[in-house]
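To start, the structure itself, in structure tokens.
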């Protein structure tokens with residue numbers, strides 16, 4: 005538990021202004037921020053700890069420009085042995101997001117303890133299509149392309165063609181689907197973020213992720229949240245499973 009608190013404090017102090025859930029970059033407010041904390045803890049004959057923090061902010065420095073950053077941290081331990089300690093930072097720059105179709109630039113940075121990824125960075129751009137927007141409900145699709153550099157702490161992979169390389173670089177294409185919906189007179193909020201990200205150079209190098217959130221408002225600035233995250237990587241260290249799933253419960257704090 006002490007280690008969890010240290011990690012949490014590190015996250016919150018490192019990003020003091022990042023109080024993420026689904027934030028629509030086309031909203032009229034100049035700045036919006038929120039923070040979700042979810043997890044699970046069990047003690048006794050079986051000791052299990054799962055913790056997830058997810059934060060984000062959108063900011064309009066100019067009338068037609070929007071900066072959006074989303075950061076998440078996942079920590080797990082079983083029997084006091086660390087199983088996950090993963091960080092992901094997604095950063096976007098949008099131009100004219102009030103339009104139906106608008107361009108974007110992006111830069112990502114991540115680590116993954118279980119998959120022995122010491123660092124992963126992506127840099128690229130693309131276009132977003134606003135498919136549906138009514139009141140607070142919205143649905144968007146994006147198509148982007150990125151150059152990725154991934155550094156591993158191990159060189160023995162499940163796919164033998166990559167053995168001996170501690171760095172795997174590739175161009176990727178990504179299809180994103182994001183949305184948020186207020187249901188039953190705003191008593192239930194459903195949000196989702198998902199992507200498919202194949203390599204444009206190697207057909208056996210691909211990944212996908214789905215992230216669903218279900219929130220129940222308690223107060224104007226506080227929601228109870230259930231979160232489900234599922235991830236898949238085609239290239240992993242030998243002996244590891246390609247797929248991971250997380251189901252967590254907690255709260256979302258927001259500034260609006």
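Residue numbers (the working numbering): 5 to 260. Beta carbons: idealized from backbone N, C-alpha and C, even for Gly.
Find out if the Cβ-Cβ distance for the pair residue i, residue j is shorter than 7 Å.
| i | j | result |
| --- | --- | --- |
| residue 174 | residue 203 | yes |
| residue 232 | residue 257 | no |
| residue 253 | residue 42 | yes |
| residue 118 | residue 88 | yes |
| residue 155 | residue 122 | yes |
| residue 186 | residue 140 | yes |
| residue 209 | residue 239 | yes |
| residue 146 | residue 129 | no |
Specify, as a first and last residue, the run of the beta strand (DSSP E) that residue i falls within.
| i | result |
| --- | --- |
| residue 138 | 121-138 |
| residue 163 | Where residue 163 is concerned, there is no enclosing beta strand (DSSP E), given that its DSSP letter is neither H nor E. |
| residue 201 | 192-202 |
| residue 207 | Careful: residue 207 lies outside any beta strand (DSSP E) and carries neither H nor E. |
| residue 46 | 35-46 |
| residue 228 | 226-237 |
| residue 152 | 141-156 |
| residue 79 | 69-82 |
| residue 250 | 247-258 |
| residue 181 | 171-187 |
| residue 101 | Element bounds for residue 101: n/a, residue is neither H nor E. |
| residue 118 | Residue 118 -> no beta strand (DSSP E), and no H or E assigned at all. |
Taking buried to mean at least 16 other C-beta atoms within 10 Å of its own C-beta, is residue i buried or exposed?
| i | result |
| --- | --- |
| residue 249 | exposed |
| residue 165 | exposed |
| residue 188 | exposed |
| residue 39 | buried |
| residue 219 | buried |
| residue 101 | buried |
| residue 126 | buried |
| residue 243 | exposed |
| residue 74 | buried |
| residue 99 | exposed |
| residue 36 | buried |
| residue 182 | buried |
| residue 86 | exposed |
| residue 72 | buried |
Please report how far the alpha carbon of residue i lies from the alpha carbon of residue j, in whole angstroms.
| i | j | result |
| --- | --- | --- |
| residue 150 | residue 227 | 34 Å |
| residue 245 | residue 112 | 24 Å |
| residue 191 | residue 132 | 29 Å |
| residue 153 | residue 223 | 42 Å |
| residue 236 | residue 221 | 31 Å |
| residue 109 | residue 197 | 18 Å |
| residue 241 | residue 170 | 11 Å |
| residue 205 | residue 177 | 10 Å |
| residue 44 | residue 158 | 30 Å |
| residue 13 | residue 60 | The pLDDT assigned to residue 13 is 39, lower than 50, so where the model puts this residue is not dependable, and the model offers no usable value. |
| residue 143 | residue 200 | 17 Å |
| residue 97 | residue 68 | 11 Å |
| residue 90 | residue 148 | 24 Å |
| residue 211 | residue 179 | 11 Å |
| residue 134 | residue 103 | 8 Å |
| residue 26 | residue 184 | For residue 26, the predicted model reports a pLDDT of 47, less than 50, meaning its position is unreliable; a value from the coordinates is still stated below. Rounded to the nearest angstrom, the two C-alpha atoms are 7 Å apart. |
| residue 214 | residue 234 | 5 Å |
| residue 64 | residue 95 | 14 Å |
| residue 34 | residue 216 | 26 Å |
| residue 92 | residue 138 | 30 Å |
| residue 66 | residue 193 | 30 Å |
| residue 70 | residue 76 | 20 Å |
| residue 124 | residue 47 | 34 Å |
| residue 84 | residue 51 | 7 Å |
| residue 255 | residue 225 | 10 Å |
Hey, is residue i's beta-carbon within less than 7 Å of any beta-carbon in chain C?
| i | result |
| --- | --- |
| residue 108 | Given the protein chain composition of this structure (a single chain), no chain C is represented. |
Exercise. Is the number of C-beta pairs between the region 52-64 and the region 77-84 that are closer than 8 Å three or more?
Worked result: yes
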